[in-house]
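Colleague:
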Amino acid sequence: MIPDLPPPTLRLRIDEAALASNWHTLDQMSGSAKAGAAVKADGYGLGVERVIPVLRKAGAEDFFVAHWCEVPAVLAHIPAAMLSVLHGPLTAKDARYARETGVRPVINSLHQARLWLESGGGRCDLMVDSGINRLGIATHEIADPLIARLEIDTLMSHLASADEDSPMNARQLAAFRQVVQHLPARRTSLANSAGIALGEDYAFGLTRPGLALYGGIPRPELEGVIRQVAFPQAAVLQLRNLNAGDSVGYNATFTASEPMRVAVVSLGYADGFLRCRGPDSALLHEGRELPILGKVSMDMIVVDCANAPDLRDGDWLNVAQHLPDSSRDSGLSQYELLTLTGRRFR
Ligand SMILES: *Cc1c(COP(=O)(O)O)cnc(C)c1O
């Protein structure tokens, strides 16, 4: 028999109270609309097994994933009628899987509408493209007889530039209002996290926040009300003493100019801490900054311990993850910072 695993050297603390609070905030900002929850990409990297029970308990009843392969992990926590699959059915097998599980497909094209109806159909969601030109039927296709045969639960569209003060927002809103007038559906839905911050005009019957649930701040209106949820930590594997002239890491991009004490930390780009997050950045120990030295490796980072002379093997360092700041510093989007979170975190 394989024994229990020893303790991990990477962990992700999830502040469940902050996650619940973020959902309540977004639900309240949605006015008379109800907030759902996008939990695609394993709950934006935080783990669906951790986030769904918290969101469900807070009051969320509508969950969204992108792929069919994401369905089983989610159905371990909620009934199928609460789940929609955004990519919709690409094959007859997808359509059959939707019917057998009871999960709603989001229909994104006339081809998908036909597949769904040919498989026997039933309740589905419908995505209409109002300008993002990604997934969704075109507005001129809503009069197609195939669409008239759909049993539409949630009629939705998706905003392209809700995180900016762009005239595109009002254009998409107007286009979606037109669609809503012409297509019967149980309810309607337009806003993602940033869309919720645009105001109640954008909320319709159901909102679909993702990023802001997990601590992302796509618009200034959400600053101070959305709380950080994910707190990554990595353990020190070893402490070393460098002499003047010693270099650190691949390609020796850092060279010590005087003797110094450094720590080797169990975090690398395979864990989602990409190389672009290394330069001019630091890990933290009890609030003290430990600057990153040299290149980030696949499984390790080396930091300067001058600010933490008492550091020992096995001590935990915090990875600063205030998403707007980390995004600005690294050039990665807040979405990328979250969804890059590696699978070695416990
Ligand atoms: C991912 C996604 C969302 C959530 O968007 P956030 O910007 O993360 O709030 C909502 N709707 C659709 C269709 C999506 O693909």
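In the numbering used here, each residue's number is its place in the sequence shown (first place is 1) plus 1438. We treat Cβ as the ideally placed atom computed from N, Cα and C, and that holds for glycine. Quick caveat, the model's predicted, so the values are computed rather than measured.
(1) Whole angstroms is fine: what's the gap from Leu1443's alpha carbon to Leu1513's?
(2) With distances taken Cα to Cα, identify the nearest neighbour of Glu1659 among Ser1627, Asp1601 and Met1738.
(3) Taking three-plus beta-carbon pairs below 8 Å as touching, is the stretch 1610-1628 in contact with the stretch 1448-1465?
(4) Between Ala1473 and ligand 1, is the CB less than 8 Å from at least one heavy atom?
(5) At which residues does the beta strand (DSSP E) containing Asn1607 begin and terminate?
(6) Return the Cβ separation of Leu1628 and Met1594 in integer angstroms, given the expectation that the two are a contact with Cβ distance under 8 Å.
(7) Roughly how far, in whole angstroms, is the beta-carbon of Tyr1652 from the beta-carbon of Leu1524, given that I think they are within contact range, below 8 Å?
(8) Just checking Met1565 against ligand 1 - is the residue's beta carbon closer than 8 Å to any of the ligand's heavy atoms?
(9) With distances taken Cα to Cα, identify the nearest neighbour of Ala1456 among Lys1472, Gly1732, Leu1749 and Val1489.
(10) Helix, strand or coil, according to DSSP, for Asp1563 in the structure here?
(11) Does DSSP classify Leu1778 as helix, strand or coil?
(12) Drop a sphere of 10 angstroms on the beta-carbon of His1578, count the other beta-carbons inside from all chains shown, and report buried for 16 or more, exposed for fewer.
(13) Pick from Pro1510, Ile1590, Ser1568 and Ile1570: whose alpha carbon is nearest that of Pro1543?
(14) Would you mind reading off the limits of the alpha helix (DSSP H) that contains Ser1631?
(15) Regarding Phe1711 and ligand 1, is the C-beta to nearest heavy atom distance less than 8 Å?
(16) Could you pull out every residue in the same chain whose Cβ sits closer than 6 Å to the Cβ of Ser1685, ignoring the five residues on either side in sequence?
(17) How far does the alpha helix (DSSP H) with Leu1524 in it extend, from its first residue to its last?
(18) Taking Gln1666 as part of the alpha helix (DSSP H), name the residues at either end of that continuous run.
Modeller: Considering the structure as presented:
(1) 27 Å
(2) Asp1601
(3) no
(4) no
(5) It is not in any beta strand (DSSP E) - Asn1607 instead sits in the alpha helix (DSSP H) that spans Pro1605 to His1620.
(6) 7 Å
(7) The Cβ separation is near 17 Å, so there is no contact.
(8) yes
(9) Val1489
(10) strand
(11) coil
(12) exposed
(13) Ile1590
(14) Ser1631 to Ala1635
(15) no
(16) Thr1693
(17) Run containing Leu1524: none; DSSP gives neither H nor E here.
(18) Neither: Gln1666 is in no alpha helix (DSSP H) and is coded neither H nor E.
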